[in-house]
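Comments concern the structure below.
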Amino acid sequence: DGGITQSPKYLFRKEGQNVTLSCEQNLNHDAMYWYRQDPGQGLRLIYYSQIVNDFQKGDIAEGYSVSREKKESFPLTVTSAQKNPTAFYLCASRDGTSYEQYFGPGTRLTVT
Amino acid sequence: SQELEQSPQSLIVQEGKNLTINCTSSKTLYGLYWYKQKYGEGLIFLMMLQKGGEEKSHEKITAKLDEKKQQSSLHITASQPSHAGIYLCGADKWWETSGSRLTFGEGTQLTVNP
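Right, dumping it as structure tokens:
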């Protein structure tokens with residue numbers, strides 16, 4: 003089955019620690035995205051990548067970093083510099099033909 | 005600034021009732037996407053609209069993009085508890101030069117009471 007996987011579903015970290023969220027897709031999509039969702043709010047774009055070895059900052063990139071070494075993988079690191087890291091994180095990839103954006107199941111990160 | 009505004013923010017209806025959710029943009033929409041989300045889960049694609057006046061249906065859900073391409077509406081006929089969730093609209097930010105990306109509205113929380 004083709005799709006996007008995010009792991010783990012729930013993640014707990016202590017303040018001051020960096021944490022990396024995994025996102026893998028087997029849809030052969032070039033473009034991949036990371037969003038953050040807070041209660042009662044829509045999705046805010048953190049970083050996106052349109053091709054391997056290239057990525058751009060989204061609207062709220064501060065305190066986050068990404069890499070895109072493989073087409074299938076787009077991991078997001080939440081650094082200790084991110085002031086409010088507790089949130090629901092969603093990864094997505096986009097079909098270059100239909101432009102439909104597919105989402106993963108999300109990772110809920112809690113930092114205490 | 006919020007580029008996509010959804011209304012209402014939340015909606016509670018009785019099962020069997022019809023309802024409409026609106027998504028308004030301050031700029032011309034070149035691609036408008038509707039998604040549904042269950043709390044704590046990923047987004048499920050519903051429909052994509054591109055042409056002014058375009059209307060698409062999926063089961064009991066109909067979405068329309070107005071002629072001027074600055075507003076879309078999502079209409080649910082004879083709502084069921086399975087329709088409950090958060091509905092989000094997203095739009096292509098082609099007015100930016102940084103490539104293909106979507107911006108999203110804040111979502112509409114729909115509750116359907118049996």
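Just so you know, the sequences run in chain order A and B. Positions 3 to 114 (the working numbering) are the ones given, in order, by the first sequence. Positions 5 to 118 (the working numbering) are the ones given, in order, by the second sequence. Every residue gets a Cβ at the ideal spot worked out from N, C-alpha and C, and that includes glycine.
Checklist entry - If we call anything under 8 Å between Cβ atoms a contact, is Thr109 (chain A) one with Lys16 (chain A)? => result As a working note, residue 109 (chain A) is residue 107 in the first sequence. As a working note, residue 16 (chain A) is residue 14 in the first sequence. Against a cut-off of 8 Å, the Cβ pair of Lys16 (chain A) and Thr109 (chain A) comes out as no contact.
Item to check | Short-range partners of chain B found in the segment 97-113 of chain A, where Cβ spacing is below 9 Å | outcome: Under the 9 Å Cβ criterion, the segment 97-113 of chain A contributes Gly98, Ser100, Tyr101, Glu102, Gln103, Tyr104, Phe105, Gly106, Pro107, Gly108 and Arg110.
Item to check | Opposing strand residues paired with Gly89 (chain B) [DSSP bridges] | outcome: In the second sequence, residue 89 (chain B) corresponds to position 85, counting from 1. Beta bridge pairing from DSSP links Gly89 (chain B) with B:Leu114.
Checklist entry - Does the Cβ of Gly18 (chain A) have 16 or more other Cβ atoms within 10 Å, making it buried, or fewer, making it exposed? => result Within the first sequence, the letter at position 16 stands for residue 18 (chain A). By the neighbour-count rule (16 or more Cβ atoms within 10 Å), Gly18 (chain A) is not buried but exposed.
Checklist entry - Where does His79 (chain B) sit, in a helix, a strand or coil, going by DSSP? => result Residue numbering aside, residue 79 (chain B) sits at position 75 when the second sequence is read from its first letter. Correct three-state label for His79 (chain B): strand.
Checklist entry - For Tyr91 (chain A) and chain B, any beta-carbon pair shorter than 8 Å? => result Sequence index remark: in the first sequence, residue 91 (chain A) carries index 89 (1-based). Contact of Tyr91 (chain A) with chain B is not assigned, every C-beta pair being separated by 8 Å or more.
Checklist entry - Roughly how many angstroms separate the alpha carbons of Gly5 (chain A) and Leu106 (chain B), rounded to a whole number? => result Indexing the first sequence from 1 puts residue 5 (chain A) at position 3. Indexing the second sequence from 1 puts residue 106 (chain B) at position 102. So the alpha carbons of these two residues sit roughly 19 Å apart.
Next on the checklist: Within 8 Å of any Cβ in chain B, is that where the Cβ of Gln84 (chain A) sits?
Outcome noted: As a working note, residue 84 (chain A) is residue 82 in the first sequence. At least 8 Å separates the CB of Gln84 (chain A) from every CB of chain B.
Item to check | Range covered by the beta strand (DSSP E) that runs through Ala89 (chain A) | outcome: As a first step, residue 89 (chain A) must be located in the first sequence, where it is residue number 87. Ala89 to Arg96 is the span of the beta strand (DSSP E), which, as asked, contains Ala89 (chain A).
Item to check | Distance, Val21 (chain A) Cα to Val80 (chain A) Cα | outcome: As a first step, residue 80 (chain A) is located in the first sequence; it is residue number 78 there, counting from the start. As a first step, residue 21 (chain A) is located in the first sequence; it is residue number 19 there, counting from the start. Going from the Cα of Val80 (chain A) to the Cα of Val21 (chain A) covers about 5 Å.
Next on the checklist: Please identify the residue among B:Ser76, B:Ser86 and B:Gln113 whose C-alpha is closest to the C-alpha of Gly57 (chain B).
Outcome noted: In the second sequence, counting from the first residue as 1, residue 57 (chain B) sits at position 53. Ranking B:Ser76, B:Ser86 and B:Gln113 by Cα distance to Gly57 (chain B) puts B:Ser76 first.
Item to check | Straight-line Cα distance separating Gln58 (chain A) from Gln52 (chain A) | outcome: Locating residue 52 (chain A) in the first sequence gives position 50, where the first residue counts as 1. Locating residue 58 (chain A) in the first sequence gives position 56, where the first residue counts as 1. Rounded to whole angstroms, Gln52 (chain A) to Gln58 (chain A) spans 8 Å at the Cα level.
Item to check | With 16 other Cβ atoms within 10 Å as the buried cut-off, status of Asp96 (chain B) | outcome: Reading the second sequence from its first residue, position 92 is the one you call residue 96 (chain B). So Asp96 (chain B) counts as buried.
Checklist entry - Can Gln120 (chain B) and Thr32 (chain B) be called in contact, C-beta distance under 8 Å? => result Only positions 5 to 118 of chain B appear in the structure, and residue 120 (chain B) is not among them; the question remains open.
Checklist entry - What in chain B is Cβ-close to Gln43 (chain A), meaning under 7 Å? => result The residue given as residue 43 (chain A) occupies position 41 in the first sequence. Chain B residues near Gln43 (chain A): Glu110.
Item to check | Residue burial classification, Pro118 (chain B) (beta-carbon count within 10 angstroms, cutoff 16) | outcome: Residue 118 (chain B) sits at position 114 when you count from the first residue of the second sequence. Counting Cβ neighbours within 10 Å, Pro118 (chain B) comes out exposed, since fewer than 16 surround it.
Next on the checklist: Distance check for Gln18 (chain B) and Glu74 (chain A), CA to CA, integer angstroms please.
Outcome noted: Counting from 1 along the first sequence, the entry for residue 74 (chain A) is found at position 72. Counting from 1 along the second sequence, the entry for residue 18 (chain B) is found at position 14. A straight line joining the alpha-carbon of Glu74 (chain A) with that of Gln18 (chain B) spans about 43 Å.
Next on the checklist: What does the alpha-carbon distance come out to for the pair Cys25 (chain A) and Tyr104 (chain A)?
Outcome noted: Here the question's residue 25 (chain A) lines up with position 23 in the first sequence. Here the question's residue 104 (chain A) lines up with position 102 in the first sequence. Between Cys25 (chain A) and Tyr104 (chain A), the C-alpha separation is close to 12 Å.
Next on the checklist: Suppose contacts are defined by Cβ-Cβ distances below 8 Å. Is Tyr37 (chain B) in contact with Gly111 (chain B) by that definition?
Outcome noted: Against the second sequence, residue 37 (chain B) aligns to sequence position 33. Against the second sequence, residue 111 (chain B) aligns to sequence position 107. Contact flag unset, no.
Item to check | C-alpha gap between Gln10 (chain B) and Leu29 (chain A), whole angstroms | outcome: Translated into the one-based positions of the second sequence, residue 10 (chain B) becomes position 6. Translated into the one-based positions of the first sequence, residue 29 (chain A) becomes position 27. Distance between the alpha carbons of Gln10 (chain B) and Leu29 (chain A) is about 30 Å.
Item to check | chain A contact for Thr91 (chain B) (CB, 8 Å cutoff) | outcome: Position 87 of the second sequence, counted from the start, is the residue given in the question as residue 91 (chain B). Per the sequence shown, residue 91 (chain B) should be read as Tyr rather than Thr. Chain A, which has no Cβ nearer than 8 Å to the Cβ of Tyr91 (chain B), makes this no.
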